[in-house]
Amino acid sequence: MTIGFWGIHAGAVAGLLALGWSWTGFALALVLYVPRMFFVTGVYHRYFAHRSYKTSRWFQFLLALGAETTSQKGVLWWAAHHRVHHKLSDAPGDLHSVRQSGFWWAHMGWILTNGLEDTDQARIKDFARYPELQWLNKYWYLPVVAIAAVSFAVGGWFGLVWGFCVSQVLCWHGTFTINSLSHIWGGRRYATDDDSRNNPVLAIVTMGEGWHNNHHHYQVSARQGFYWWEIDVTYYVLRGLAAVGLVWDLHGVPEHIRSNAADLAVDDDARVSDVVLDAA
Ligand SMILES: [Zn+2]
Ligand SMILES: [Zn+2]
């Protein structure tokens, strides 16, 4: 993971220096960014980690396959680790907490360390029983290699640099902002026990995940924008998939939970520890 991570970063930088800026290239990077960011938020996160909707076994497999093109390891690995984040949110033991370990560890250090490579099967029992998911979890890098190969086959070096490397780097750091920036930058509607924030800028970049304080308040919801003005593109895609019958039982937000905004004015700033302020 570490070699691939820095190798793809180096590929993106070297490729951009060699090829120069291109709006076509940037558009190509976005074409591969948008569906893959959906896979991160709508699949790794809202499906495998939180089970916020249901689907069939074959579509579940396709979703997992799509998710693993984003190079964030196996779906079981991702979801099992994410469940620890919610269990311990910003308390000791949280694997990627800015408050506990600083900004860069929460942003990307944790996913690169050798110490967290194993999948805790007990935390993901609900999906661990599917052999096809276990296979994908073990060989998570194959979909990544496949998408790199297709990018090269279709677009040559231009395709590989913009469609794969640049798009991948953006997708990684876009995702990682949720563990780093979304716990330090933005407003807090709900008095959760962690530092989670709502941030419209991050919600655009991550296709809905920037409503992170909403999410920590009520994790099982398929929508993270709780009001119509809280843009949540992932949720719109899920609604579309539900409309054609590919997914169903999207978990909503009950009104009493949505309106349960406790008084946060008291010591909002006091929630942000010195560690957070130093790291930021
Ligand atoms: Zn969080
Ligand atoms: Zn979550």
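Numbered according to my numbering, the sequence shown terminates at residue 287, and the numbering increases by one at each position without gaps.
For every residue, glycine included, the Cβ atom is placed at its ideal position computed from N, Cα and C.
On a predicted model such as this, the values are computed, not experimentally measured, just so you know.
request  = Would you check if the distance between the CB atom of Val50 and the CB atom of Leu70 is smaller than 8 Å?
outcome  = Closer than 8 Å, so yes.
message = Going by beta-carbon coordinates alone, are Ser228 and His258 separated by less than 8 Å?
response = Taking 8 Å as the cut-off, the beta carbon of Ser228 is found closer than this to the beta carbon of His258.
query = Cβ of Thr199 within 8 Å of Cβ of Asn220?
reply = The Cβ-Cβ distance between Thr199 and Asn220 falls below 8 Å.
query = What is the DSSP secondary structure of Thr62, reduced to helix, strand or coil?
reply = Residue state, collapsed to three classes: strand.
Glu124 classed as buried or exposed, judged by whether at least 16 other C-beta atoms fall within 10 angstroms = Looking at its Cβ environment, which holds fewer than 16 other Cβ atoms inside 10 Å, Glu124 is exposed.
request  = Reducing DSSP to helix, strand and coil, say where Trp255 ends up.
outcome  = Three-state result, Trp255: strand.
task = Could you have a look at Ala272 and say whether DSSP puts it in helix, strand or coil?
result = For Ala272, the predicted structure reports a pLDDT of 38, less than 50, and the residue's modelled location is therefore unreliable. The matter cannot be settled from this model.
ask   = Should Lys94 be labelled buried (16 or more other beta-carbon atoms within 10 Å of its own) or exposed?
value = Counting the other Cβ atoms within 10 Å of the Cβ of Lys94 gives fewer than 16, which makes it exposed.
request  = Leaving aside the five residues before and after Leu245 along the sequence, list all residues of the same chain whose C-beta is less than 7 Å from its C-beta, in chain order.
outcome  = In chain order, Gly49, Tyr60, Ala229, Val254, Leu257 place their CB closer than 7 Å to the CB of Leu245, counting only its own chain and leaving out the 5 sequence neighbours on each side.
inquiry  = For the alpha helix (DSSP H) containing Arg246, name the first residue and the last one.
reply    = Here the alpha helix (DSSP H) through Arg246 covers 240–250.
ask   = How far does the alpha helix (DSSP H) with Asn186 in it reach, from first residue to last?
value = That run of the alpha helix (DSSP H) goes 174–186.
task = Grab me the residues of Ile3's own chain with a C-beta within less than 8 Å of its C-beta, minus the 5 sequence neighbours each way, in chain order.
result = What is shown of the chain runs 8 to 287, which leaves residue 3 out entirely.
query = Can you name, in chain order, every residue of its own chain whose Cβ lies under 6 Å from the Cβ of Asn267, other than the five neighbours on each side?
reply = Excluding residues within five positions, none has a Cβ falling inside 6 Å.
message = Less than 7 Å between C-beta atoms, sequence neighbours within five positions excluded: which residues of the same chain meet that for Gln175?
response = Closer than 7 Å at Cβ, skipping near neighbours: Ile15, Ser78.
message = Considering only heavy atoms of ligand 2, does any lie closer than 7 Å to the CB of His224?
response = His224: no, Cβ never under 7 Å from ligand 2.
message = For a minimum of 3 consecutive residues, which ranges assigned as the beta strand (DSSP E) are wholly contained in the stretch 13–40?
response = Entirely contained in the stretch 13–40, not one beta strand (DSSP E) run reaches 3 residues.
Where Pro81 falls, given that 16 or more other Cβ within 10 Å makes a residue buried = Looking at the sequence itself, residue 81 is Gly, so the reference to Pro does not match. Counting other Cβ atoms within 10 Å of its Cβ, Gly81 reaches 16 or more and is therefore classed as buried.
ask   = Which residue or residues does DSSP assign as beta-bridge partners of Gly194?
value = Paired residues: Asn205.
ask   = Where does Trp218 fall in DSSP's three states?
value = The answer is strand: DSSP assigns Trp218 an E or B state.
ask   = What separation, rounded to the nearest whole angstrom, lies between the Cα atoms of Pro261 and Thr31?
value = Straight through space, the alpha carbons of Thr31 and Pro261 are spaced by roughly 44 Å.
message = Considering only heavy atoms of ligand 1, does any lie closer than 7 Å to the CB of Ser59?
response = Checking every heavy atom of ligand 1 against the Cβ of Ser59, none is found closer than 7 Å.
ask   = When the Cα of Asp201 is compared with those of Val41, Asn144, Gln107, which residue comes out closest?
value = In this structure, Gln107 is the residue among Val41, Asn144, Gln107 with its C-alpha nearest to the C-alpha of Asp201.
ask   = Using a Cβ-Cβ cut-off of 8 Å (strictly less than) and excluding sequence neighbours within five positions of Pro99, which residues of its own chain qualify?
value = By the criterion of a C-beta distance shorter than 8 Å, Pro99 is surrounded in its chain by Gln107, once the five residues flanking it on both sides are discounted.
ask   = Ile264 lies in the alpha helix (DSSP H); which residues open and close that run?
value = 262–265 is the span of the alpha helix (DSSP H), which, as asked, contains Ile264.
inquiry  = Buried or exposed for Tyr225, going by 16 or more other Cβ atoms inside 10 Å?
reply    = With 16 or more Cβ atoms within 10 Å of its Cβ, Tyr225 is classed as buried.
ask   = Measuring CA to CA, which of Arg64, Tyr54, Ile131, Arg58 is closest to Val91?
value = With distances taken between Cα atoms, Val91 lies closest to Ile131.
Selected residue, minimal CA-CA separation from Val152, among Trp236, Gly73, Ser63, Tyr54 = With distances taken between Cα atoms, Val152 lies closest to Gly73.
message = Going by C-alpha to C-alpha distance, which of Arg195, Trp218, Pro42, Phe183 sits closest to Ala113?
response = The shortest Cα separation from Ala113 among Arg195, Trp218, Pro42, Phe183 belongs to Phe183.
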